């Protein structure tokens, strides 16, 4: 399967997701080596174009690129391109004129990866666009769930929190659905998207009821500003009704797992002790992030001849 | 008499308020129509066989970006595009970078309109700086001939100020035009609110934001008896609210823009800034209803809302690009292609009725008869063409109709008897 970009989950579909997940197993083995580095992308150049602050995603991508021996360059951009006085198109044309094979972009406005792909020949990887998509987060979440349960199909996944403003939720709904999961979105009405009739997911405003038979509880970050913007009366009330408290965790099924894309607001959407529990996969998500991003970069830029030999657990 | 005459339009079908007839139109040196009959001749003959001769179109809602943002448009470039689209008169909105909210500015802008190649009626702001706080010196501006005052974004404005300006303007006999966008329900809004905005993660603008404003303005118009015109209604329900107010005796008229009866919100899925307009493109269901209501005569005028921006601003992310589309050159084609109306009903919406609303009936719209200034448009209602913004005469090439096939194209335009467009080519 030849795919040029990973702008959204729709660029991949089920087949693409599966291919990346199985490539991830190869790179999991690579990452466990004493020197976790392979020459798979030697000679390839990847540019970072981060218009929004991002420490986690950025570091994860950089680590992935280094382990694949790719060259990287950072095009330093801050806040909105309008303020900077250079159009998005000018910026991306400048970057591609320097000769890059892929551009990893994060931007506060929906659709930027799609616009970029019209203006450059490089592969575009979306590291988050507005409230729209964050496909590599979803891929690492799929990988984490698959590692935990052996498969994603048939699992009931509850995504709870600020769905309305969440790019993670939008990509996850598409990815989890493609992999055959059952999805429930939980939030007060003000934080649900206005119209989800076309979404392959149920919605609920009753967190407790939806938790009973959930296999995965996926918590989203609650932005502190939402209180000022009148989405909720107070964070206290939000935590009370929609926070993953210890009491709620106690009522979960034994095999259920807890996930969060980070950064967490401890004490708001997730009780401070919860990420440390045995069934919380938050750190697995972070370490899988590097592996899956290696797989994504390799999937777009590599050739099968460069695929590192696997001699790890999956053989 | 015939020896003096300058131009004859030969072989066309004249279509005006009194009906249609095959006849030649003879135009004199003074720019007025001299005679209408068969077999006329003049110094210059324009063969318009197979085409329709109508009164020039009148646009009630256009933005020229001058003064202040001449990189986007000037009266000259904007009116070049207007005449190419068959317009002979346009109303210039006051929400320019330098707001037309006082007599001195109005005087300067009038001077600037000397570069225009069609008639420009300048609208003054209803409140100082369009801020909705203090009433602008309406009387001082009216004394300079300003007879339309507008607030292109009235949703957030205070009801009391709107009421007072409606009452105060009564003695001046002027029209008040209101855009119905920008309310608090539309906060940070980028596109129509619904399935697609939810999917794309873009903040939505619900139709209710417009409908509430339309309702408020209709109530205030009824209360004060003011002569009110509502701009660019994008929701079918808004039109219904206006119709109810009209039947209750409110002195209210309304306009729609071609893109709101032709195009739907799915275009935004491209994230292309050209599809960001205000009010936003709505659902196809709403588009169908608006189309039907326009076709049933429930709307008073078609206005373009022509709003040009510098082209490079379309190379920004959707959320950062400014809302607006150019519109003069696609209005006729869109009306013919998308509305289930006879040609005379379309001309009523593009020319006759807007000329009345703008108070230009003496020189525009209505009848094509000897003695009247020759503000005329000749077009082929069957001609197919494809909209291409970069071929349009505006400085901006951002057209929401880009790449769309339309039927009906203007070939000649005469402003006060002068041929400003011949065979689609601007003569100045």
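Residue numbers (the numbering used here), protein chains in the order written: chain A, 1 to 315; chain B, 1 to 428. Beta carbons are placed, not taken as given, at the ideal position from N, Cα and C, and that holds for glycine. In this text, all values refer to a predicted model and were calculated from it rather than measured experimentally.
Which one of the options has the shortest CA to CA distance from residue i?
{"i": "residue 135 of chain B", "options": "B:209, B:149 and B:145", "result": "B:149"}
{"i": "residue 76 of chain A", "options": "A:107, A:65 and A:69", "result": "A:107"}
{"i": "residue 180 of chain B", "options": "B:154, B:340 and B:241", "result": "B:154"}
{"i": "residue 206 of chain B", "options": "B:217, B:228 and B:233", "result": "B:233"}
{"i": "residue 230 of chain B", "options": "B:211, B:241 and B:253", "result": "B:253"}
{"i": "residue 263 of chain A", "options": "A:279, A:256, A:219 and A:65", "result": "A:219"}
{"i": "residue 98 of chain B", "options": "B:69, B:123 and B:73", "result": "B:69"}
{"i": "residue 423 of chain B", "options": "B:170, B:215, B:84 and B:289", "result": "B:84"}
{"i": "residue 120 of chain A", "options": "A:11, A:54, A:99 and A:181", "result": "A:99"}
{"i": "residue 293 of chain B", "options": "B:255, B:317 and B:236", "result": "B:236"}
{"i": "residue 240 of chain A", "options": "A:271, A:211 and A:226", "result": "A:271"}
{"i": "residue 314 of chain B", "options": "B:158, B:272, B:163 and B:415", "result": "B:272"}
{"i": "residue 246 of chain A", "options": "A:117, A:228, A:97 and A:211", "result": "A:211"}
Verify the CB distance criterion: does residue i have a CB-CB separation below 9 Å to chain A?
{"i": "residue 457 of chain B", "result": "Absent from the structure is residue 457 of chain B, since the part of chain B shown begins at 1 and ends at 428."}
{"i": "residue 395 of chain B", "result": "no"}
{"i": "residue 207 of chain B", "result": "no"}
{"i": "residue 270 of chain B", "result": "yes"}
{"i": "residue 199 of chain B", "result": "yes"}
{"i": "residue 308 of chain B", "result": "no"}
{"i": "residue 317 of chain B", "result": "yes"}
{"i": "residue 313 of chain B", "result": "yes"}
{"i": "residue 15 of chain B", "result": "no"}
When you compare only the Cα positions, how much space is there between residue i and residue j?
{"i": "residue 270 of chain B", "j": "residue 75 of chain B", "result": "32 Å"}
{"i": "residue 302 of chain A", "j": "residue 203 of chain A", "result": "40 Å"}
{"i": "residue 201 of chain B", "j": "residue 207 of chain A", "result": "23 Å"}
{"i": "residue 148 of chain A", "j": "residue 139 of chain A", "result": "14 Å"}
{"i": "residue 358 of chain B", "j": "residue 2 of chain A", "result": "59 Å"}
{"i": "residue 311 of chain B", "j": "residue 265 of chain A", "result": "42 Å"}
{"i": "residue 372 of chain B", "j": "residue 354 of chain B", "result": "17 Å"}
{"i": "residue 36 of chain B", "j": "residue 109 of chain A", "result": "59 Å"}
{"i": "residue 10 of chain B", "j": "residue 18 of chain B", "result": "20 Å"}
{"i": "residue 59 of chain A", "j": "residue 131 of chain A", "result": "21 Å"}
{"i": "residue 82 of chain A", "j": "residue 188 of chain B", "result": "Its pLDDT being 48, under 50, residue 82 of chain A is placed unreliably by the model, and the measurement read from it follows with that caveat. In a straight line, the C-alpha of residue 82 of chain A is about 17 Å away from that of residue 188 of chain B."}
{"i": "residue 330 of chain B", "j": "residue 407 of chain B", "result": "10 Å"}
{"i": "residue 297 of chain A", "j": "residue 155 of chain A", "result": "28 Å"}
{"i": "residue 64 of chain A", "j": "residue 292 of chain A", "result": "8 Å"}
{"i": "residue 163 of chain A", "j": "residue 277 of chain A", "result": "24 Å"}
Residues in its own chain within less than 7 Å of residue i by CB, not counting five upstream and five downstream?
{"i": "residue 86 of chain B", "result": "56, 57, 332, 377, 379, 410 and 413"}
{"i": "residue 430 of chain B", "result": "Absent from the model: residue 430 of chain B. The displayed extent of chain B is 1 to 428, so no value can be given."}
{"i": "residue 172 of chain B", "result": "138, 139 and 142"}
{"i": "residue 427 of chain B", "result": "419, 420 and 421"}
{"i": "residue 336 of chain B", "result": "346, 381, 407 and 408"}
{"i": "residue 146 of chain A", "result": "21 and 152"}
{"i": "residue 291 of chain B", "result": "261, 338 and 339"}
{"i": "residue 277 of chain B", "result": "259, 323, 324, 325 and 400"}
{"i": "residue 199 of chain A", "result": "173"}
{"i": "residue 251 of chain B", "result": "221, 225, 226, 227 and 228"}
Any Cβ of chain B within less than 9 Å of the Cβ of residue i?
{"i": "residue 189 of chain A", "result": "no"}
{"i": "residue 221 of chain A", "result": "no"}
{"i": "residue 16 of chain A", "result": "no"}
{"i": "residue 129 of chain A", "result": "yes"}
{"i": "residue 80 of chain A", "result": "Legend: pLDDT at residue 80 of chain A = 45, less than 50; position of this residue unreliable, no value from coordinates given."}
{"i": "residue 199 of chain A", "result": "yes"}
{"i": "residue 90 of chain A", "result": "yes"}
{"i": "residue 48 of chain A", "result": "no"}
{"i": "residue 13 of chain A", "result": "no"}
{"i": "residue 94 of chain A", "result": "no"}
{"i": "residue 316 of chain A", "result": "Coverage of chain A is limited to positions 1 through 315, which leaves residue 316 of chain A absent and any answer about it impossible."}
{"i": "residue 195 of chain A", "result": "yes"}
Ordered along the chain, which non-local residues of its own chain (more than five positions away) have a Cβ less than 8 Å from that of residue i?
{"i": "residue 300 of chain A", "result": "3, 4, 5, 6, 102, 123 and 125"}
{"i": "residue 130 of chain B", "result": "94, 95, 99, 101, 151, 152 and 153"}
Keeping to the same chain, check which residues put their C-beta closer than 6 Å to that of residue i; ignore five residues upstream and five downstream.
{"i": "residue 417 of chain B", "result": "27, 31 and 374"}
{"i": "residue 307 of chain B", "result": "63 and 324"}
{"i": "residue 298 of chain B", "result": "239 and 243"}
{"i": "residue 184 of chain B", "result": "none"}
{"i": "residue 178 of chain B", "result": "151, 154, 217 and 230"}
{"i": "residue 2 of chain B", "result": "Because the pLDDT at residue 2 of chain B is just 42, under 50, the model does not fix this residue reliably, and the point stays unresolved."}
{"i": "residue 182 of chain A", "result": "156"}
I want to check one thing, is the minimum distance from the CB of residue i to the heavy atoms of the ligand ZN below 8 Å?
{"i": "residue 372 of chain B", "result": "The ligand content of the structure shown is nil, which means the ligand ZN is not present either."}
Report task. Could you tell me whether the region 382-399 of chain B touches the region 338-353 of chain B, using the rule of 3 or more Cβ pairs below 8 Å? Result -> no
Report task. Specify whether the region 312-328 of chain B and the region 395-403 of chain B touch according to this definition: at least 3 beta carbon pairs, one from each stretch, less than 8 Å apart. Result -> yes
Query raised in the report: Does the pairing of the region 177-197 of chain A with the region 183-203 of chain B give three or more beta-carbon distances under 8 Å?
Result: yes
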